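Below is one structure; the comments refer to it alone.
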């Protein structure tokens with residue numbers, strides 16, 4: 007194992023200990039916090055180390071957010087692609103029915119919207135208020151994204 011990977015794993019191990027002992031006693035929530043930190047910071051190497059160690063890329067927090075939702079909110083395209091390549095559910099909705107595609111529209115991320123559509127995101131899913139990605143693009147005047155969704 008390379009020194010770099012070993013260093014990353016040691017950092018992750020330290021984060022796991024800190025998070026689980028300091029923040030959360032609920033196992034999946036504690037694990038999500040670690041994954042969330044890595045994705046939020048855009049630390050692709052740490053994300054790869056976590057996935058290589060068997061971390062579930064579809065973990066959700068109490069709000070239903072997945073690492074994919076967070077990567078989109080932070081506009082981390084490389085992480086979005088990596089997560090999708092490693093089993094992230096492209097259509098996993100959060101607690102109020104928002105999918106990653108809807109997040110890309112709400113956060114005005116046309117590149118990520120196009121990527122998700124290209125990778126097969128379901129455009130017909132509606133959130134708890136009955137709004138689809140297309141309806142959100144229209145409501146928030148996201149013309150460029152509306153065009154991706156029309157195709």
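In this note's numbering, the protein residues as written are 7 to 157. We put the beta carbon where it would ideally sit given N, CA and C, even for glycine. Predicted model only: the values in this text are computed from it and were never measured.
Where the alpha helix (DSSP H) containing residue 135 begins and where it ends:
Residue 135 -> no alpha helix (DSSP H), and no H or E assigned at all.
Please report how far the alpha carbon of residue 37 lies from the alpha carbon of residue 123, in whole angstroms.
29 Å
Grab me the residues of residue 96's own chain with a C-beta within less than 7 Å of its C-beta, minus the 5 sequence neighbours each way, in chain order.
90, 106, 122, 125, 126, 127
Take the Cβ of residue 157 as the centre, count every other Cβ of all protein chains shown within 10 Å, and call the residue buried at 16 or more, exposed below.
exposed
Using CA atoms only, rank isn't needed, just tell me which of 109, 40, 110 is closest to residue 62.
40
From residue 80 to residue 109, what does the alpha carbon distance come to, in whole angstroms?
Distance between the alpha carbons of residue 80 and residue 109 is about 11 Å.
Does the Cβ-Cβ distance between residue 119 and residue 140 come in under 9 Å?
no
Does DSSP put residue 148 in a helix, in a strand, or in coil?
coil
Distance CB(residue 76)-CB(residue 42) smaller than 9 Å
yes
Helix, strand or coil for residue 69? Go by DSSP, reduced to three states.
When secondary structure is reduced to three states using DSSP, residue 69 falls in the coil class, being assigned neither helix nor strand.
Determine the closest residue to residue 111 out of 155, 57, 64, with distance taken between C-alpha atoms.
155
Which term fits residue 100, buried or exposed, when burial requires 16 or more other beta carbons within 10 angstroms of its beta carbon?
buried
Find out if the Cβ-Cβ distance for the pair residue 129, residue 88 is shorter than 9 Å.
Taking 9 Å as the Cβ cut-off, residue 129 and residue 88 do not qualify as a contacting pair.
Inspect the beta-carbon positions of residue 135 and residue 114 and report whether they are closer than 9 Å.
Their beta carbons are not under 9 Å apart, which means residue 135 does not touch residue 114 by this criterion.
Nearest candidate by alpha-carbon position, reference residue 116, set 72, 47, 45, 143:
A check of alpha carbon separations from residue 116 across 72, 47, 45, 143 identifies 143 as the nearest.
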